[in-house]
Structure formats: structure tokens, C-alpha cells
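Protein chains: 2
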Amino acid sequence: MYGAIEAGGTKFVCAAVDEDMNIVDQITVATLEPKQTMKEVIEFFKKNPVKAIGIGAFGPIEISPNKENYGQILNTPKLAWRWFNMYKELSAALDIPIKIDTDVNAAALGEFKEGHAVGKRSVLYITIGTGVGAGFVLEGETLFGLTHPEMGHILIRQKEEDVFKGNCPTHNNCLEGLVSGPAIEARLGIKGHELGEDHVIWDHVADYIGQALMTYNLILSPEIILIGGGVAQQAHLFPKIRTAFKKHMNGYIDHEIIKGDLEEYIQYPKLGQKAGLVGSIYLAKGIALD
Amino acid sequence: MYGAIEAGGTKFVCAAVDEDMNIVDQITVATLEPKQTMKEVIEFFKKNPVKAIGIGAFGPIEISPNKENYGQILNTPKLAWRWFNMYKELSAALDIPIKIDTDVNAAALGEFKEGHAVGKRSVLYITIGTGVGAGFVLEGETLFGLTHPEMGHILIRQKEEDVFKGNCPTHNNCLEGLVSGPAIEARLGIKGHELGEDHVIWDHVADYIGQALMTYNLILSPEIILIGGGVAQQAHLFPKIRTAFKKHMNGYIDHEIIKGDLEEYIQYPKLGQKAGLVGSIYLAKGIALD
Numbered sequence: 001m002y003g004a005i006e007a008g009g010t011k012f013v014c015a016a017v018d019e020d021m022n023i024v025d026q027i028t029v030a031t032l033e034p035k036q037t038m039k040e041v042i043e044f045f046k047k048n049p050v051k052a053i054g055i056g057a058f059g060p061i062e063i064s065p066n067k068e069n070y071g072q073i074l075n076t077p078k079l080a081w082r083w084f085n086m087y088k089e090l091s092a093a094l095d096i097p098i099k100i101d102t103d104v105n106a107a108a109l110g111e112f113k114e115g116h117a118v119g120k121r122s123v124l125y126i127t128i129g130t131g132v133g134a135g136f137v138l139e140g141e142t143l144f145g146l147t148h149p150e151m152g153h154i155l156i157r158q159k160e161e162d163v164f165k166g167n168c169p170t171h172n173n174c175l176e177g178l179v180s181g182p183a184i185e186a187r188l189g190i191k192g193h194e195l196g197e198d199h200v201i202w203d204h205v206a207d208y209i210g211q212a213l214m215t216y217n218l219i220l221s222p223e224i225i226l227i228g229g230g231v232a233q234q235a236h237l238f239p240k241i242r243t244a245f246k247k248h249m250n251g252y253i254d255h256e257i258i259k260g261d262l263e264e265y266i267q268y269p270k271l272g273q274k275a276g277l278v279g280s281i282y283l284a285k286g287i288a289l290d
Numbered sequence: 001m002y003g004a005i006e007a008g009g010t011k012f013v014c015a016a017v018d019e020d021m022n023i024v025d026q027i028t029v030a031t032l033e034p035k036q037t038m039k040e041v042i043e044f045f046k047k048n049p050v051k052a053i054g055i056g057a058f059g060p061i062e063i064s065p066n067k068e069n070y071g072q073i074l075n076t077p078k079l080a081w082r083w084f085n086m087y088k089e090l091s092a093a094l095d096i097p098i099k100i101d102t103d104v105n106a107a108a109l110g111e112f113k114e115g116h117a118v119g120k121r122s123v124l125y126i127t128i129g130t131g132v133g134a135g136f137v138l139e140g141e142t143l144f145g146l147t148h149p150e151m152g153h154i155l156i157r158q159k160e161e162d163v164f165k166g167n168c169p170t171h172n173n174c175l176e177g178l179v180s181g182p183a184i185e186a187r188l189g190i191k192g193h194e195l196g197e198d199h200v201i202w203d204h205v206a207d208y209i210g211q212a213l214m215t216y217n218l219i220l221s222p223e224i225i226l227i228g229g230g231v232a233q234q235a236h237l238f239p240k241i242r243t244a245f246k247k248h249m250n251g252y253i254d255h256e257i258i259k260g261d262l263e264e265y266i267q268y269p270k271l272g273q274k275a276g277l278v279g280s281i282y283l284a285k286g287i288a289l290d
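Residue numbers (UniProt numbering), protein chains in the order written: chain A, 1 to 290; chain B, 1 to 290.
Here you go:
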């Protein structure tokens, strides 16, 4: 059996799966104080012994395995978790290989292994929800560098007619500050799913996401782009995003996929909200084989 | 011996080096009609037999080795070269392994192997000259995807006081449209190296480059960023670029290098204008070993 943990800001989902990827057991634990949450996580894996555990975690977190503080949550606004080392805590309690990556890298890996990116060389997975982030997988490996990427905070050009100042505490109107769920809600005090599909806010949001996809494309040239998260559940956004992407690109990349209808190139993840958990299982499988 | 070709828009530099990386012979050929230029290139390598050739080429060009048109120059404004397949032409004349990559990927590889990025896990190499482009190397492999990256065309936010419209024919005021050599010259009709170091244009240019480095950092998280090309020969630009990068980042990435003086993190390439040729030799070595 392999173990997976989707370590999110509000809940931890733990799963134990067999070789055929069937879920044998699963629990959801609230993200409370680290010790409290981890106690339940550890009990789960004592009850369900696994060969290895893969974790897709909220961040910022150290995911470079050769760093001394591998697995440590970094300078997060969630004070109770700041500087808490998930890897050390779990390793001390369970003597098995553990692999930690970001939630979005895990989701990208899930889609690479079992989702829309099967057979592709690379995949970009973006989540647009409470925050905005993205993970990237190239030939089965997740991308990290000096730190893990923070793709949600790139600067984009705000439309003149959109006077919202943005709600990112660090960059105001960066991508996250303009298109996250809370940023959409902050404009009119109405949640995104309560706005009509033809509300002009969606045009702004789609334009900014389209701009960001252009930037990601020009830098990473992913073979497919998947957008998940709460905001992406607004299906009507996808045609608008594809149109905005095309408008900003202005025909620059002379490739049939980029010049095409983009319906496959930019879409909702096949695994939906399960992408992260599925990817975490593959993180476990990868580390078990190492 | 190994062969290297730096295939540029105005000249081709060909070199033959021995196992110890000493240049045994070298020529420079003008970039004329493809057949004409290639004839001289082929003659050079008939005179200097090598095990393999690495090419760092101008683009757009197909660099994915599993594509049928590998090595083909794509939709370039240089009409004589459009659709010309450099790989096929050379392979037909010289029966040796040939590896083709972009000029900027080759330069990134050169710095990774022998320059400032030795010992790093990744490096971003940007050139700012007639055009703007960037290459990325991660653990010795150059980055490409659906196409090769086109990082010079990302959209950045222009300062209100900079009224220049930009000179990119596709995106007007994208990064290249604002900071390339011709873009700098287009503002006042004065070449960059003739502008005083304290001219406000340099503040604009540095601000935009700093913005772009922020974007590249948030997406790729390179361990080091090297900026070459004609515009980067203005040494006074580097402190301004580091300041702009820091200002736009606004402390978001909590890493000692990003919070530090950035003098090593953002600098001129160690190999200077030779980075591309050195990298091309390593492309040859890599393909010879495959």
C-alpha cells in the first residue's frame, strides 16, 4: 500500500491505496494546531501501514530534498504552522520514505499520470481559488528551484475600467490579487458563484488569466494547461480565458495547437479536485522506488 | 574533436575543439542565403572532422528531437531562412550526430558547465540585444516544450511617464518591445551606448527588466540569473535592475539570496559573448555520448 496526504490550509486528506490505486482507507482531518492534526495523520498511517507517503502541501514550504529543513513550512501567515517541519514530524513517527512537494506540483503530477496530461511531455496545473498557484511537471519531474514557484504572484496589466485595487497584501494587483476567489468577492461584496455569467467582472478575470497563461506559455511552453480550483468551476470562464489568451498572444507562437481552438490545450483538470491526492500517491510510488 | 556552431542572424561562428576544450580551428561566416552559408560551414567541418556538432541557433526553430522537422527554422522574418532545415542540410553532408538548440539555451548551458552557474542546479540566461530571449537549464537539460520558450515577449507594466509605444511588431510594448537595443534607440534616435548613464530611459529599462526577472523567478525559480547581450554590456544597468527586481518582489520570496544584495544572483555571464559557443560544444559532447 501507498500513502498520500493532501495537506491543505483548512483540511488534511489522508489516503491509503493498494497497488492498483484503489483507496483502501481515507480520512479528512481539520487543519488545527500542527501537533493535533499530525497526531490524527500518524494514527491513520499506523492503522494503515504503507510503503511510502507522498504529500502535496500548502506553502510556502521547503521542497528541495537536499536542504536540511526539507519539509518545513516557511513564512506562512498561518502562524501555528510557521516553521513546523512536517517531514521531520512524520519521519520520526513512521519509519518509511516520505516525499513532500507543493499541492499544485502534486496536482500537476496527478494529471500527468492519470489525467488530461497522460502522454504529454509537460503539464502546467493552475489552481484559482482562495489563492492562485501553479505546478509544473516535465517528463515526470516536478519543477522547483531556489524555492518552489509562486506563479500566482506575477504582475499583469490591469484594465483601465477595472478600478479594483487588488487584495494581495504584498503586490496588490498581481494575478492572485485580482482573480482569486476573495479578490472577485472583494469587488462587489458578492461571491463569484453568485455573479451572473455575463457580469463584466468575469471579462476582467478572464483577461488577466489569459495574460498569465500567455506569460506561462512563453516561459515554460507547457504541452497542456489545466486550471482547477474553486474559481475554475465557473465553466463559462474557459471560453473567455481562451479568447483572452489568443488576443494577448496575437499569433506570436506559430504552432497548430496555439493557433487552434485551445479546447484541449486550456481546460479543467480531468481529475478535478482529486488531482492533488492522486499526484501525492505517485509521489509516494516514486520515493518508494528510489 | 567536437564541433560547435553559433548560428546567429548576422553570422555563423564554427569551432572545432579538442577533448580539453582547446579551440583547434574557428571561422566566422556571414549569414547570407542558407545554401551559401551552409556550404562554408560544411567545408569547415570537412576540413576539421569532429565526433559530433552542437548548434545554438537563432529562431524560431524546431528543437524537439522527436519532431519530424527537427532543426527547421520556422516562421522567421528572415525570409531566405524560413522553413530551412539546418539539421537535415548538415546531416546529409556530414554523417555524425548533431544536436540543435536555441542560442540562449546553448548560452545557459555554457554558463552551467563553465560559467557562473557551475555547481548550481539551474540557470536562467537572458540576452538583451537586438532582441530579447532567454534560455533555461535545469540539472544539465535545456528547457523546451510545445515550442522553445519565447521569454522576451512577456507583457510587463509600462511606466506612465514612459510614453514610448514599444517596437515589437506583434505585442508593441512587451519586454522586447521596450528594452531591446532597437527599442532603446527608437525612443530618442540615440543608441544606448551613447545615452548618459543617468538618462531616465535607463531607469525605465531597468524597471522593466526587473519586472521580467520577478516573473521569471516566480515561475522558474532559477538558482542564478545571467544577463548577456549588447544592452547588458551597460554595466551601470545591473545595480538598477537589482533594485527594480527587489522593489517589484516586495519581499515576497523569503529566501536569503533573494533578500540579499543580489550581486551574484543577477549578473553578467562569466563567459560573456562566448557562452553560446561554449554551450554548443557541450551540446555536441552530450549527443556524442548518447
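Just so it is clear, CB atoms sit at the ideal spot from N, CA and C, and this is done for glycine as well.
Where residue i meets chain B, residues with beta-carbon distance less than 9 Å
{"i": "Q211 of chain A", "result": "L155"}
{"i": "P60 of chain A", "result": "I253 and D254"}
Length of the line joining the Cα atoms of residue i and residue j
{"i": "L138 of chain A", "j": "R121 of chain A", "result": "6 Å"}
{"i": "H171 of chain A", "j": "G59 of chain A", "result": "18 Å"}
{"i": "H148 of chain A", "j": "E62 of chain A", "result": "8 Å"}
{"i": "D254 of chain B", "j": "Y208 of chain B", "result": "22 Å"}
{"i": "G8 of chain B", "j": "D290 of chain B", "result": "26 Å"}
{"i": "K47 of chain A", "j": "Q26 of chain A", "result": "11 Å"}
{"i": "A86 of chain A", "j": "A284 of chain A", "result": "Residue identity differs from the one stated: residue 86 of chain A is Met in this sequence, not Ala. For M86 of chain A and A284 of chain A, the distance between alpha carbons rounds to 15 Å."}
{"i": "A15 of chain B", "j": "A4 of chain B", "result": "5 Å"}
{"i": "A117 of chain A", "j": "G110 of chain A", "result": "9 Å"}
{"i": "L213 of chain B", "j": "F245 of chain B", "result": "6 Å"}
{"i": "I42 of chain A", "j": "G133 of chain A", "result": "28 Å"}
{"i": "I266 of chain A", "j": "I241 of chain A", "result": "8 Å"}
{"i": "G189 of chain B", "j": "N75 of chain A", "result": "48 Å"}
{"i": "P34 of chain B", "j": "A57 of chain B", "result": "13 Å"}
{"i": "S180 of chain A", "j": "K113 of chain B", "result": "41 Å"}
{"i": "A106 of chain B", "j": "G230 of chain A", "result": "41 Å"}
{"i": "E40 of chain B", "j": "V13 of chain B", "result": "11 Å"}
{"i": "I225 of chain A", "j": "E197 of chain B", "result": "42 Å"}
Buried or exposed (CB count within 10 angstroms, at least 16 for buried), residue i
{"i": "I227 of chain A", "result": "buried"}
{"i": "T102 of chain B", "result": "buried"}
{"i": "N217 of chain B", "result": "buried"}
{"i": "T10 of chain B", "result": "exposed"}
{"i": "E194 of chain A", "result": "exposed"}
{"i": "A92 of chain B", "result": "exposed"}
{"i": "V123 of chain A", "result": "buried"}
{"i": "A235 of chain B", "result": "exposed"}
{"i": "T37 of chain B", "result": "buried"}
{"i": "V163 of chain B", "result": "exposed"}
{"i": "P77 of chain A", "result": "exposed"}
{"i": "A206 of chain B", "result": "buried"}
{"i": "M151 of chain B", "result": "buried"}
{"i": "A30 of chain B", "result": "exposed"}
{"i": "P222 of chain B", "result": "buried"}
{"i": "E6 of chain B", "result": "buried"}
{"i": "N173 of chain A", "result": "buried"}
Under 7 Å by beta carbon: chain A residues contacting residue i
{"i": "T147 of chain B", "result": "S221, I253 and H255"}
{"i": "S122 of chain B", "result": "G145"}
Proximal chain A residues relative to residue i, where beta-carbon distance stays under 9 Å
{"i": "E150 of chain B", "result": "N217, L218, I219, S221, Y252 and I253"}
Residues sharing a beta bridge with residue i, DSSP
{"i": "N105 of chain B", "result": "DSSP, once it has assigned bridges, lists no residue as partnering N105 of chain B."}
{"i": "Q26 of chain A", "result": "A:A15"}
{"i": "F136 of chain A", "result": "A:L124"}
{"i": "G228 of chain B", "result": "B:T127"}
{"i": "N85 of chain A", "result": "A:Q72"}
{"i": "L6 of chain B", "result": "Reading the sequence as shown, one finds Glu at residue 6 of chain B and not Leu. Looking at the DSSP assignment, E6 of chain B forms a beta bridge with B:V13 and B:G56."}
{"i": "L155 of chain B", "result": "B:C174"}
{"i": "K99 of chain B", "result": "B:G54"}
{"i": "I266 of chain A", "result": "A:I225"}
{"i": "E141 of chain B", "result": "B:L138"}
Contact list for residue i against chain B, beta-carbon separation under 8 Å
{"i": "M214 of chain A", "result": "I154 and L155"}
8 Å contact criterion, which residue i and residue j should meet: CB distance rounded
{"i": "I201 of chain A", "j": "I184 of chain A", "result": "6 Å"}
{"i": "K99 of chain B", "j": "G286 of chain B", "result": "6 Å"}
{"i": "I23 of chain A", "j": "I53 of chain A", "result": "About 14 Å; that fails the 8 Å criterion."}
{"i": "G210 of chain B", "j": "K247 of chain B", "result": "7 Å"}
{"i": "L178 of chain B", "j": "Q158 of chain B", "result": "7 Å"}
{"i": "F136 of chain B", "j": "L262 of chain B", "result": "F136 of chain B to L262 of chain B, Cβ: 19 Å. No contact."}
Interface partners of residue i on chain B, CB under 7 Å
{"i": "L74 of chain A", "result": "D254"}
Under 8 Å from the C-beta of residue i: neighbouring residues of chain A
{"i": "T170 of chain B", "result": "N250, G251 and Y252"}
Residue i at chain D interface by Cβ criterion, 7 Å
{"i": "A92 of chain B", "result": "In the structure shown, chain D does not exist; the protein chains are A and B."}
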